[in-house]
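Colleague: Under our numbering, think of the first position of the sequence shown as 342, with each following residue one higher.
Idealized CB from N, CA, C, for every residue including glycine.
What follows is a single structure, and I will ask about it in a moment.
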Amino acid sequence: MRKRIVAGNWKMNKTPAEAKALIEVLKPLVGSSEETEVVFCPPFLDIAVAVEAVKGTNIKIGAQNMYYEEKGAYTGEVAPDMLVGAGCEYVILGHSERRGYFGETNEIVNKKVLKALEHGLKPIICVGETLEQREQGITEDLVRLQTKIALKDVSPEDAVKTVIAYEPIWAIGTGKTATNEQAEEVCAAIRKVLTEVYGKEVAEEIRIQYGGSVNAGNAKELFAMPNIDGGLVGGASLKADFSDIVNA
Ligand code: PGA
Numbered sequence: 342m343r344k345r346i347v348a349g350n351w352k353m354n355k356t357p358a359e360a361k362a363l364i365e366v367l368k369p370l371v372g373s374s375e376e377t378e379v380v381f382c383p384p385f386l387d388i389a390v391a392v393e394a395v396k397g398t399n400i401k402i403g404a405q406n407m408y409y410e411e412k413g414a415y416t417g418e419v420a421p422d423m424l425v426g427a428g429c430e431y432v433i434l435g436h437s438e439r440r441g442y443f444g445e446t447n448e449i450v451n452k453k454v455l456k457a458l459e460h461g462l463k464p465i466i467c468v469g470e471t472l473e474q475r476e477q478g479i480t481e482d483l484v485r486l487q488t489k490i491a492l493k494d495v496s497p498e499d500a501v502k503t504v505i506a507y508e509p510i511w512a513i514g515t516g517k518t519a520t521n522e523q524a525e526e527v528c529a530a531i532r533k534v535l536t537e538v539y540g541k542e543v544a545e546e547i548r549i550q551y552g553g554s555v556n557a558g559n560a561k562e563l564f565a566m567p568n569i570d571g572g573l574v575g576g577a578s579l580k581a582d583f584s585d586i587v588n589a
């Protein structure tokens, strides 16, 4: 049985003081969630405050990115050790905003996934198509490719620690959610690739999230689909509404 996982991707929002205040609001609402794993992914500079603020609750902290080298002359980058040392358990990798604005390729995402796992961080690996790609009918081909390359050389033991987040780019921050059927169709295709690579038993253990304008109103139905094990939530994770999504 896969445990559901709902992660809040705060993106580039909240100062440390604001992060603390948001967590104080959310903590009583989602802090004791047992059926669903709850992860907050604040910006790097808020991580220390967030780790402190969630102490004594079931909430886990994740980062939104990391670099794939151990240390050294990489001005402005953050190493996996630093995230582990700061108290992160998860790290979002290959978000479409990183791919789109910062030139992250599938190969870079794969390097990051391998490095994160080597350090005991659990990657939330984002995949998804643009509207143009969907209209062209290549969504499943593309998502298969993104998933396969991201997991290249990842052992089955490590693969079960990863989470795949299917996020259609046209649904991110647009208020335009994929229908339950559209989301399920692609998540099922991802499960199929995982089965081809790792076999049924491992593939059945890996959690797949849907992301893209998830809100309190649509979460319940999306998360009820057979291959959707929770969500990666952007905008709605910055409000008390986030608790309705977790409780969905
Ligand atoms: P959104 O973002 O919920 O604001 O659409 C989701 C994401 O980018 O992870």
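Under the DSSP definition of a beta bridge, which residues are partnered with Gly433?
Modeller: First, the residue type needs correcting, since residue 433 is Ile and not Gly in the sequence shown. According to DSSP, which records beta bridges pairwise, Ile433 is partnered with Ile465.
Colleague: When DSSP labels each residue in this structure, what does Glu411 get in the three-state scheme?
Modeller: In the structure shown, Glu411 sits in coil (DSSP, three-state: anything other than H, G, I, E or B).
Colleague: Please determine whether the Cβ atom of Val555 lies at a distance below 7 Å from any heavy atom of the ligand PGA.
Modeller: True, at least one ligand heavy atom lies under 7 Å from that Cβ.
Colleague: So which of Ala577, Asp585, Val468, Glu525 has the shortest CA-CA distance to Asp570?
Modeller: Among Ala577, Asp585, Val468, Glu525, the Cα nearest to that of Asp570 is on Glu525.
Colleague: Going by the beta-carbon positions, is the gap between Val574 and Gly558 smaller than 8 Å?
Modeller: No.
Colleague: Would you report the Cα separation of Asn406 and Ser437, rounded to the nearest angstrom?
Modeller: For Asn406 and Ser437, the distance between alpha carbons rounds to 12 Å.
Colleague: Residues in its own chain within less than 7 Å of Val587 by CB, not counting five upstream and five downstream?
Modeller: Here the set comprises Val347, Val371, Ser374, Thr377, Val379.
Colleague: Could you check whether the Cβ of His460 sits closer than 7 Å to any heavy atom belonging to the ligand PGA?
Modeller: The answer is no for His460.
Colleague: Take Gln487 as the anchor and find which of Glu473, Ala581, Tyr507 has the nearest alpha-carbon.
Modeller: Checking every option, the nearest Cα to that of Gln487 belongs to Tyr507.
Colleague: Taking the Cβ atom as the reference point for each residue, do Val320 and Val534 lie within a distance shorter than 8 Å?
Modeller: For residue 320 there is no data in the structure shown, the boundaries of the chain being 342 and 589.
Colleague: Assuming Gln550 is part of the beta strand (DSSP E), what are its boundary residues?
Modeller: 548 to 552 is the span of the beta strand (DSSP E), which, as asked, contains Gln550.
Colleague: Could you name each continuous beta strand (DSSP E) segment of 3 residues or more that falls completely within the stretch 346 to 383, going from the start of the chain to the end?
Modeller: Complete beta strand (DSSP E) runs here, min 3: 377 to 382.
Colleague: Hey, quick one: how far does the beta strand (DSSP E) through Gly514 stretch, first residue to last?
Modeller: Per DSSP, Gly514 belongs to no beta strand (DSSP E) and is neither H nor E.
Colleague: Check whether the Cβ of Ala577 sits closer than 7 Å to any heavy atom of the ligand PGA, and report yes or no.
Modeller: Checking every heavy atom of the ligand PGA against the Cβ of Ala577, one is found closer than 7 Å.
Colleague: Could you check if Val574 belongs to the surroundings of the ligand PGA, using beta carbon to heavy atom distance under 7 Å?
Modeller: True, at least one ligand heavy atom lies under 7 Å from that Cβ.
Colleague: When you compare each of Leu462, Val366, Leu424, Thr398 to Asp387 by their alpha carbons, which one comes out closest?
Modeller: Cα-wise, what sits closest to Asp387 is Leu424.
Colleague: Which residue's Cα is closest to the Cα of Glu445: Gly413, Gln474, Glu365, Tyr408?
Modeller: Of the candidates Gly413, Gln474, Glu365, Tyr408, the one whose C-alpha sits nearest the C-alpha of Glu445 is Tyr408.
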